[in-house]
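Engineer: Right, I'll just put the structure down here and ask away after.
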Amino acid sequence: MCNARLAIFGARLRECRLESGYSQEELADAAALDRTYMSLLERGKRNPSLLCILSIADALKLPASSLLTFNYSDN
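Here is the structure:
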């Protein structure tokens, strides 16, 4: 179940990133993260910390809750 949740989070992260018009590299730079780490997050291969989620949300100019709002039944 944990891996499935990470994949769902990753899909939501990618959706928010694309809606904001960022490339992975641009978002990673804005959030002070490595681009490869951003890729791993989007693919559900890493479990982000709260500070990481907050940094990404700040870079996207979105509330952190928007990254955590998704429908499990969609996946």
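The opening residue of the sequence shown carries number -16 in the working numbering; numbering runs sequentially from there. Just so you know, even glycine gets a beta-carbon here, dropped at the ideal spot from N, CA and C.
#1: If you follow the alpha helix (DSSP H) that residue 30 is in, where does it begin and where does it stop?
#2: Residue -13: which of 27, -1, 6 sits nearest, CA to CA?
#3: Measuring straight from C-alpha to C-alpha, what distance separates residue 21 and residue -4?
#4: Would you identify the three-state DSSP class for residue -14, choosing helix, strand or coil?
#5: Mapping DSSP to helix, strand and coil, what is residue 51?
#6: If you draw a straight line from the C-alpha of residue 78 to the C-alpha of residue 44, how long is it?
Structural biologist: In brief:
#1: From DSSP, residue 30 is part of no alpha helix (DSSP H); its letter is neither H nor E.
#2: Ranked by how close their Cα comes to the Cα of residue -13, the residues 27, -1, 6 have 27 in first place.
#3: Using only the alpha carbons, I get a separation of about 9 Å.
#4: The answer is helix: DSSP assigns residue -14 an H, G or I state.
#5: coil
#6: As displayed, the chain neither begins before -16 nor continues past 58, which places residue 78 out of reach and without an answer.
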